[in-house]
Amino acid sequence: MRRVRLSSRLNVSSGDAVARKKKSAPVFGTVALVGIGLIGSSLARVMRREGLAERIVGCARTRRTRAKARELGLVDATFASARQAAKGADLIVICSPVSTYTAIGETIGPVLKSGAIVTDVGSVKRAVIDALAPHIPDGAHLVPGHPVAGTEHSGPEAGFAELFEGRWCILTPDDATDSSAVKRVTELWRRAGSRVEIMDASHHDLVLAVTSHLPHLIAYNIVGTAADLESVTESEVFKYSAGGFRDFTRIAASDPVMWRDVFLHNRDAVLEVLGRFNEDLSALQRAIRWGQGDSLEELFARTRAIRRGVIEAGQAQEPGAGGAKPKARTRPAKKNRGNAAGKSSTARRSTSRSGR
């Protein structure tokens, strides 16, 4: 497996956030959110706060989610059908599990108006392009996106406008994508407080397999192993959970459907990284068995340096916790706390997918 240089594609200067402006002219007329869970509802809160859209509509499978989104003031209207939500929309943001993308593309493709932009928030990108691109008509544009942010919570109540502040949003348009469409999606995420990076879709999938997908797989496995140990009772697992295990349980509490889709739709990259991980894990097992303390200490020192790099990159704090914010070129306007849709809950800000 080839080594991945995680810093080679992340140019901080390209992601400097633009200053927020009080109720500046909307970037979009109507925005349709296909899915109003954690990410979709957080984005709706951002658009309300920043005045980015004249109108926001949402699509959700369940009546309860649609009613809650309206109750929270996140959207102006809701629909059970993605086709209804997308009809006449200037921007369509797909915020549902990746396994739904092909069906959504087939549904919305015929009603996309000329100039419409389709983007998404999926954690894999090559599979997203393969699922959506065949259904985007001439005159409409596909700008795949991935905000690298999230928590272990889900649903419209879980969102908060500060979720994306100081986090990366990676866009993976192809070379033929209309540049003005890319600029408008970039503006959306910069106004959300994100640092925006343009990246090749396949490279994105490999990098995120290292930084997000494999860590989640490990967390699910460790928590599952602890639950299956016959020599340790469940009550003991709960009672004596140390900091490391608590972090794993938080990660393992993430949406199971979303993560099932991530692993199945980024299969090749995950298996490549998992193969390398298994080799390194076997080497660790040998070092412990044969008492090779120097080898263990060398690895631990090297990984400690990686942690320092994460801190220096501003990615060590929880979203909305006051850190890791990109520098603005001018003084940002004060946030409007009067809108219920912009309110956040500190209790919901624990990061489970820093590389979601």
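Converting from the sequence shown to the working numbering requires adding 87 to each position, the first position being numbered 1.
Heads up, the beta-carbon is just placed ideally off N, CA and C, and yes, glycines get one too.
For L178, collect the residues of the same chain with a Cβ closer than 6 Å to its Cβ; drop the 5 residues on either side in sequence, then sort them by chain order. The residue labelled residue 178 in the question sits at position 91 within the sequence shown. Around L178: F115, V118 and I204.
Can you tell me which of the three DSSP states A245 falls into? The sequence position of residue 245 within the sequence shown is 158, counting from 1. Here A245 carries a helix assignment [DSSP, helix/strand/coil].
In terms of DSSP beta bridges, what is E359 paired with? Locating residue 359 in the sequence shown gives position 272, where the first residue counts as 1. In the DSSP output, where bridge partners are listed per residue, E359 has none listed.
Inter-stretch contact at 8 Å, needing at least 3 Cβ pairs: the segment 178 to 196 / the segment 149 to 161: no
My assumption, with CB atoms under 8 Å, is that G246 sits in contact with S129. Please give the rounded CB distance. Walking along the sequence shown from the start, residue 246 turns up at place 159. Walking along the sequence shown from the start, residue 129 turns up at place 42. With 8 Å as the limit, G246 and S129 qualify as a contact, their Cβ atoms being about 4 Å apart.
H233 - DSSP class collapsed to helix/strand/coil: As a first step, residue 233 is located in the sequence shown; it is residue number 146 there, counting from the start. If DSSP states are grouped into helix, strand and coil, H233 belongs with the strands.
Simplified DSSP assignment, three categories, for T206: For the purposes of this step, residue 206 is taken as residue 119 along the sequence shown, with counting starting at 1. For T206, the secondary structure class from DSSP, reduced to helix, strand or coil, is strand.
Top-ranked residue by Cα proximity to H352, from L316, R213, T149 and T273: Position 265 of the sequence shown, counted from the start, is the residue given in the question as residue 352. When each option's Cα is compared against that of H352, the closest is R213.
Rounded to the nearest angstrom, what separates V162 and G122 at their Cα positions? Reading the sequence shown from its first residue, position 75 is the one you call residue 162. Reading the sequence shown from its first residue, position 35 is the one you call residue 122. Roughly 12 Å separates the two Cα atoms.
V324 (DSSP reduced to helix, strand or coil): Counting from 1 along the sequence shown, the entry for residue 324 is found at position 237. Note: V324 maps to helix in three-state DSSP.
Report the rounded CA-to-CA distance for S322 versus I257, giving the unit in angstroms. Sequence index remark: in the sequence shown, residue 322 carries index 235 (1-based). Sequence index remark: in the sequence shown, residue 257 carries index 170 (1-based). Between the alpha carbons of S322 and I257 lies a gap of roughly 41 Å.
Check T165 in the structure and name its three-state DSSP category. As a first step, residue 165 is located in the sequence shown; it is residue number 78 there, counting from the start. Here T165 sits in strand by DSSP.
With R150 as the anchor, note down where its beta strand (DSSP E) starts and where it stops. Locating residue 150 in the sequence shown gives position 63, where the first residue counts as 1. That residue, R150, is in no beta strand (DSSP E); its alpha helix (DSSP H) goes R150 to E158.
Going by beta carbon distance, what residues of the same chain come within less than 8 Å of F387, once the five residues before and after it are set aside? Working through the sequence shown from its first residue, we reach residue 387 at position 300. There are no such residues.
At which residue ranges does the segment 248 to 326 contain complete beta strand (DSSP E) runs of 3 or more residues, listed in the order of the chain? Under the rule that a run must span 3 or more residues, the beta strand (DSSP E) segments found entirely inside the segment 248 to 326 read 255 to 258 and 282 to 285.
Return the CA-CA distance between I216 and S111, expressed in angstroms with no decimal places. Start at 1 with the first residue of the sequence shown, and residue 216 comes out as number 129. Start at 1 with the first residue of the sequence shown, and residue 111 comes out as number 24. If you take the alpha carbons of I216 and S111, they lie about 32 Å apart.
Does the distance from the CB of D207 to the CB of P234 come in under 8 Å? Within the sequence shown, numbered from 1, the residue matching residue 207 stands at position 120. Within the sequence shown, numbered from 1, the residue matching residue 234 stands at position 147. Cβ distance not < 8 Å, so D207 and P234 don't count as in contact.
Out of curiosity, what's the CA-to-CA distance linking L293 and T259? Residue 293 sits at position 206 when you count from the first residue of the sequence shown. Residue 259 sits at position 172 when you count from the first residue of the sequence shown. Approximately 13 Å between the Cα atoms of the pair.
Drop a sphere of 10 angstroms on the beta-carbon of W377, count the other beta-carbons inside from all chains shown, and report buried for 16 or more, exposed for fewer. Position 290 of the sequence shown, counting from 1, holds the residue named residue 377. Burial call: exposed.
Locate the beta strand (DSSP E) running through L120, then write down its first and last residues. As a working mapping, residue 120 is identified with position 33 in the sequence shown. Here the beta strand (DSSP E) through L120 covers F115 to V121.
Please specify which runs of the beta strand (DSSP E), each continuous and at least 3 residues long, are wholly inside the segment 166 to 198, giving them in chain order. Contiguous beta strand (DSSP E) elements confined to the segment 166 to 198 occur at 178 to 181, taking only those with 3 or more residues.
Proximity winner among L295, Y327, H290 and K270, relative to V283 (alpha-carbon distances): By one-based count along the sequence shown, residue 283 stands at place 196. It is K270.
From D225, R363, R277 and I126, pick the residue whose C-alpha is nearest to that of K200; which is it? Here residue 200 is taken as the residue at index 113 of the sequence shown, counted from 1. The residue from D225, R363, R277 and I126 with its alpha-carbon nearest to that of K200 is D225.
Between R157, D342 and A296, which has its C-alpha nearest R354's C-alpha? For the purposes of this step, residue 354 is taken as residue 267 along the sequence shown, with counting starting at 1. The option with the nearest alpha carbon to R354 is A296.
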